[in-house]
Ligand code: FES
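Residue numbers (the numbering used here): 49 to 185.
This is the structure we're talking about:
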């Protein structure tokens with residue numbers, strides 16, 4: 049590498065180092081909503097025990113499944129629509145929450161209720177037959 053090439057490389061690195069870290073971070077979408085969802089969960093299985101308690105939830109196949117009340121289950125894409133962080137359910141405040149930048153979603157519709165999320169979570173249907181939940185697109 050001659051002196052001219054060395055200086056070109058240094059200028060390129062200097063320019064790159066001036067890009068704000070937040071700008072790079074804002075371009076990072078880590079996950080998207082799953083498509084063609086079709087799976088079952090056996091709520092009598094210990095692996096799915098969280099769904100035996102009202103307010104309990106779990107994430108499976110990229111989908112957050114929530115026991116909203118004694119008879120209702122809800123299912124949404126677990127990927128925040130802002131940058132794809134996995135969301136959680138907070139039964140105390142009755143919201144789906146993303147810890148990355150604070151987006152919140154309605155737990156019965158998936159609609160955005162706060163924060164930077166640009167759109168609702170993708171909602172899936174949940175049907176129950178005995179101990180078996182079927183989650184579908
Ligand atoms: S990734 Fe930014 S609010 Fe969820």
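No residue lacks a Cβ here, since even glycine has one placed at the ideal position from N, Cα and C. These figures come from a predicted structure and were not determined experimentally.
**Prompt:** Quick one: what's got a C-beta closer than 6 Å to residue 173's C-beta in the same chain, skipping five residues either side?
**Reply:** Only 184 meet the Cβ criterion.
**Message:** Given 7 Å as the limit, tell me if residue 151 has its C-beta closer than that to any heavy atom belonging to the ligand FES.
**Reply:** For residue 151, the shortest C-beta to heavy atom distance toward the ligand FES is below 7 Å.
**Message:** Taking 8 Å as the threshold (C-beta atoms), are residue 121 and residue 108 in contact?
**Reply:** No.
**Request:** Just the C-alpha distance for residue 167 and residue 84, rounded to the nearest angstrom, thanks.
**Result:** Their Cα atoms are separated by approximately 20 Å.
**Asked** Which partner residues of residue 160 appear in the DSSP bridge assignment?
**Response** DSSP, once it has assigned bridges, lists 153 as partnering residue 160.
**Asked** Nearest to residue 154 by CA position, among 164, 142 and 146, is which residue?
**Response** The residue with the shortest Cα to Cα distance from residue 154 is 142.
**Asked** Cα-Cα, which of 92, 80 and 163 is closest to residue 112?
**Response** Shortest Cα-Cα distance from residue 112 to any of 92, 80 and 163 involves 80.
**Request:** Confirm the yes/no value for this check: CB of residue 139, any heavy atom of the ligand FES, distance under 7 Å.
**Result:** Within the chosen limit of 7 Å, the ligand FES does not reach the beta carbon of residue 139 with any heavy atom.
**Message:** Suppose you measure from the CA of residue 177 to the CA of residue 165; what does that come to, to the nearest Å?
**Reply:** Computed Cα separation, rounded: 34 Å.
**Message:** Using a Cβ-based criterion (distance less than 7 Å to any ligand heavy atom), does residue 164 qualify as near the ligand FES?
**Reply:** Flag set: Cβ of residue 164 near the ligand FES.
**Prompt:** Taking 7 Å as the cut-off, is the CB of residue 133 close to at least one heavy atom of the ligand FES?
**Reply:** Residue 133 has its CB nearer than 7 Å to a heavy atom of the ligand FES.
**Prompt:** Could you check where the beta strand (DSSP E) with residue 169 kicks off and where it finishes?
**Reply:** Per DSSP, residue 169 is not a residue of any beta strand (DSSP E), being assigned neither H nor E.
**Asked** For the ligand FES, any of its heavy atoms closer than 7 Å to the Cβ of residue 115?
**Response** No, since every heavy atom of the ligand FES falls outside the 7 Å radius drawn around the Cβ of residue 115.
**Request:** Could you tell me which uninterrupted beta strand (DSSP E) segments, each at least 3 residues in length, are contained entirely in the stretch 91-117, listed from first to last along the chain?
**Result:** The DSSP assignment places 105-108 and 111-115 as complete runs of the beta strand (DSSP E) inside the stretch 91-117, in order along the chain (cut-off: 3 residues).
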